[in-house]
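Beneath this line is the structure, given in structure tokens, with notes to follow.
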Amino acid sequence: MAGPQELLPRWLMDHHVDEAPTSPERIRLSGWDDGFTPSGCNGRPGKIVRDFPRDHPGAFATVDGAVSERTADLLYASAVKATVWGVYVPVSELQFENALEASELNQDETEDPAAYRHALARRTVQEFLVQKDAGQCITKSDWERTHGVAVWVIASDCDDETEYHLDYAEQVRYETNVIFPPIYGATLHVSPLHNEVNDKGAATNQVRETSSFEGGGFHVNLTGLPHYDKYGYKTRKQSHRLTTDELETLSRSEPGWKHVAYKYRRGILCDGEFPHFSGRVLSLPSSLADTKSNLPVKRVVVGFNLFPSEIGACVAKFPEHSGAFNRYVKLSQAAVKQTKLLSTTSNKGGWTLKSVRANPKQAAFLLLLARKVRENQQKAAAESSTSKA
Numbered sequence: 001m002a003g004p005q006e007l008l009p010r011w012l013m014d015h016h017v018d019e020a021p022t023s024p025e026r027i028r029l030s031g032w033d034d035g036f037t038p039s040g041c042n043g044r045p046g047k048i049v050r051d052f053p054r055d056h057p058g059a060f061a062t063v064d065g066a067v068s069e070r071t072a073d074l075l076y077a078s079a080v081k082a083t084v085w086g087v088y089v090p091v092s093e094l095q096f097e098n099a100l101e102a103s104e105l106n107q108d109e110t111e112d113p114a115a116y117r118h119a120l121a122r123r124t125v126q127e128f129l130v131q132k133d134a135g136q137c138i139t140k141s142d143w144e145r146t147h148g149v150a151v152w153v154i155a156s157d158c159d160d161e162t163e164y165h166l167d168y169a170e171q172v173r174y175e176t177n178v179i180f181p182p183i184y185g186a187t188l189h190v191s192p193l194h195n196e197v198n199d200k201g202a203a204t205n206q207v208r209e210t211s212s213f214e215g216g217g218f219h220v221n222l223t224g225l226p227h228y229d230k231y232g233y234k235t236r237k238q239s240h241r242l243t244t245d246e247l248e249t250l251s252r253s254e255p256g257w258k259h260v261a262y263k264y265r266r267g268i269l270c271d272g273e274f275p276h277f278s279g280r281v282l283s284l285p286s287s288l289a290d291t292k293s294n295l296p297v298k299r300v301v302v303g304f305n306l307f308p309s310e311i312g313a314c315v316a317k318f319p320e321h322s323g324a325f326n327r328y329v330k331l332s333q334a335a336v337k338q339t340k341l342l343s344t345t346s347n348k349g350g351w352t353l354k355s356v357r358a359n360p361k362q363a364a365f366l367l368l369l370a371r372k373v374r375e376n377q378q379k380a381a382a383e384s385s386t387s388k389a
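In terms of UniProt numbering, the sequence shown is residues 1 to 389.
Encoded structure:
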């Protein structure tokens with residue numbers, strides 16, 4: 001079964017060596033240091049793919065009523081039960097005309113969670129990014145550049161937040177230390193909540209009454225990569241790392257920031273090179289205004305990243321927040337840790353090739369570690385194939 005290394009082009013995997021193949025013409029690969037080096041990249045220097053072709057660079061659009069109430073409610077119910085999940089929707093599965101209802105959504109999610117979530121994600125992309133046209137930002141040419149859409153849901157409680165960051169293909173960076181931002185990124189609010197008191201339409205959105213809460217707004221800096229270069233990974237390049245509360249206060253006076261309040265069925269679409277964060281959830285109501293729901297109250301956000309063909313196959317197999325991605329990273333981190341341990345003990349006269357050959361327990365451990373890595377990759381590949389079937 002192919003792992004991430006086999007799914008990525010050689011110009012990307014071998015970017016750190018002199019004899020690396022030349023990258024495609026539309027790829028602008030530059031050196032980059034955001035203050036973070038992933039454990040799985042074997043110390044490769046940081047780089048970034050920037051200025052990838054898109055028809056609306058600098059795009060920023062807010063779309064109210066971005067999805068139907070039924071889609072929003074299905075997403076909310078799924079998210080509060082699972083807390084987090086992630087899938088990948090290839091462009092080949094989207095219908096740009098006469099979209100049909102997915103039969104999987106007529107079943108209970110527990111019968112086949114992977115198929116249900118994939119169908120729900122596909123329906124959401126269809127409604128928000130295709131039919132609504134995301135504020136007329138994503139063109140036909142943009143879709144032709146796109147291999148697929150990574151989709152994830154996150155349910156938040158009080159005091160939860162999302163730190164300042166730049167979206168990028170997580171698995172790609174983990175393997176290569178190359179930041180590859182999406183063509184466009186998007187966010188969708190699906191909890192029947194609002195936090196903008198001046199929004200006259202917030203409390204009554206069509207036929208759905210929504211409840212008020214505090215915090216949890218979306219904050220994006222339209223300066224783009226220059227701002228991320230200044231602040232770095234989770235603000236590591238500042239003299240001291242800023243808390244989300246501190247950054248939210250700073251964003252009220254610093255140029256380039258846009259603030260978007262949370263609102264049921266509101267979608268936000270941005271250029272993929274814009275750094276952003278979600279403010280801390282300060283309070284949540286004890287119950288939803290819709291008394292028919294017995295679900296707990298959470299602030300649910302759905303995220304979307306449009307990735308191109310250069311890395312689409314890798315992201316498709318290991319989408320962020322998916323079980324396949326989480327298992328692979330955890331096992332890889334364990335392997336890196338054990339490799340460092342073996343190196344350290346070897347330098348101290350401990351584990352060596354000679355000692356492993358002479359010690360059945362050491363040899364058995366190494367075989368077990370290799371088998372676990374192989375089994376995890378095979379399981380991830382099988383799950384990916386099943387979810388697409």
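Even for Gly, the Cβ is constructed at its ideal location relative to N, Cα and C.
Count the other CB atoms, across all protein chains shown, that sit within 10 Å of the CB of E6; report buried if there are 16 or more and exposed otherwise. E6 comes out exposed.
Residue ranges of each alpha helix (DSSP H) run of no fewer than 4 residues wholly in the stretch 38-65, ordered along the chain? Fully contained in the stretch 38-65 is no alpha helix (DSSP H) run of length 4 or more.
Using 7 Å as the cut-off, classify the Cβ of A316 as near or not near the heavy atoms of the ligand GDP, replying yes or no. Among the ligands in the structure shown, none appear at all, so the ligand GDP cannot be discussed.
Which residues mark the beginning and the end of the beta strand (DSSP E) in which A169 is found? A169 -> no beta strand (DSSP E), and no H or E assigned at all.
Pairwise C-alpha distance: E214 and A203: Reliability fails at A203, whose pLDDT of 47 lies under 50, so the model's placement of it is uncertain and the value that follows must be treated cautiously. Taking the straight line from one Cα to the other gives about 14 Å.
Selection from V17, P53, G217, E109 that minimises the alpha carbon distance to residue 401: The requested residue 401 is not part of the displayed model; the chain covers only 1 to 389.
Might you give, ordered along the chain, the residues of its own chain that have their beta carbon closer than 8 Å to the beta carbon of L250, omitting 5 neighbours on each side? For L250, the CB contacts under 8 Å within the same chain, skipping 5 residues up- and downstream, are L242 in chain order.
Three-state class that DSSP yields for H118 in the structure shown: In the three-state scheme derived from DSSP, where H, G and I count as helix and E and B as strand, H118 is classed as helix.
Residue(s) in a DSSP beta bridge with K263: Looking at the DSSP output, K263 bridges to H194.
Quick one: Cα of S39 to Cα of D64, how far? The straight-line gap from Cα to Cα measures roughly 40 Å.
Expressed to the nearest angstrom, what Euclidean distance is found between the alpha-carbon atoms of I154 and G46? In this structure, the CA atom of I154 is about 28 Å from the CA atom of G46.
Would you report the Cα separation of P90 and P360, rounded to the nearest angstrom? It is roughly 47 Å from the alpha-carbon of P90 to the alpha-carbon of P360.
Quick test of your reading: D271 and G58, contact by CB under 8 Å. State the CB separation rounded to the nearest angstrom. Going by Cβ atoms, the distance from D271 to G58 rounds to 5 Å, so yes, they are a contact pair.
Taking Cβ positions, are E163 and E320 nearer each other than 8 Å? Their beta carbons are not under 8 Å apart, which means E163 does not touch E320 by this criterion.
If A79 and K298 are in contact, beta carbons under 8 Å, what's the gap, nearest whole angstrom? Contact between A79 and K298 holds, with the beta-carbon distance rounding to 7 Å and staying under 8 Å.
W11 - DSSP class collapsed to helix/strand/coil: In the three-state reduction of the DSSP assignment, W11 falls in the helix class, which pools H, G and I.
When the Cα atoms are used, what is the spatial distance from G303 to R26? Using only the alpha carbons, I get a separation of about 26 Å.
On the criterion of 16 or more Cβ atoms from any shown chain inside 10 Å, does Q95 qualify as buried, or is it exposed? Label assigned to Q95: exposed.
Could you tell me which residues DSSP puts in a beta bridge with C158? In DSSP, C158 forms no bridge with anything.
DSSP state of residue 425 mapped onto helix, strand, coil: Missing from the structure shown is residue 425; the chain here goes from 1 to 389 and no further.
Note down, in chain order, each residue of its chain lying with its Cβ closer than 6 Å to the Cβ of Y233, except the 5 sequence neighbours on either side. For Y233, same chain residues with a beta-carbon under 6 Å away, outside a window of 5 residues either side, are D34, G35, F36 in chain order.
Per DSSP, what are the beta-bridge partners of G303 in this structure? W152, T187.
Using a 10 Å radius around the Cβ and a threshold of 16 neighbouring Cβ atoms, would you call D108 buried or exposed? Exposed, by the Cβ-count rule.
Between the stretch 12-32 and the stretch 47-57, are three or more C-beta pairs nearer than 8 Å? Contact between the stretch 12-32 and the stretch 47-57 is present, because at least three Cβ pairs lie under 8 Å.
Can you give the beta carbon distance from D112 to R208, rounded, assuming they're within the 8 Å contact cut? Between D112 and R208, the beta carbon gap of about 29 Å keeps them out of contact (Cβ cut-off 8 Å).
Using CA coordinates, which residue listed in T235, R145, Y262, Y184 is at the minimum distance from E196? Comparing Cα-Cα distances from E196 to each of T235, R145, Y262, Y184, the minimum goes to Y262.
6 Å Cβ shell around K200 - same chain, five flanking residues per side excluded: Reliability fails at K200, whose pLDDT of 47 lies under 50, so the model's placement of it is uncertain and the value that follows must be treated cautiously. Counting only residues of its own chain and dropping the five nearest sequence neighbours on each side, K200 has no CB closer than 6 Å to any other CB.
Given a threshold of 16 other Cβ atoms within 10 Å of its Cβ, counted over all protein chains shown, does T139 qualify as buried or as exposed? Only exposed fits T139, as fewer than 16 other CB atoms lie within 10 angstroms of its CB.
Between A313 and the rest of its own chain, which residues show a CB-CB distance below 7 Å, the 5 nearest in sequence each way excluded? Excluding sequence positions up to five before and after A313, its CB lies within less than 7 Å of the CB of L7, all in the same chain and listed in chain order.
For Y76 and T187, I'd like the C-alpha separation in whole angstroms. If you take the alpha carbons of Y76 and T187, they lie about 14 Å apart.
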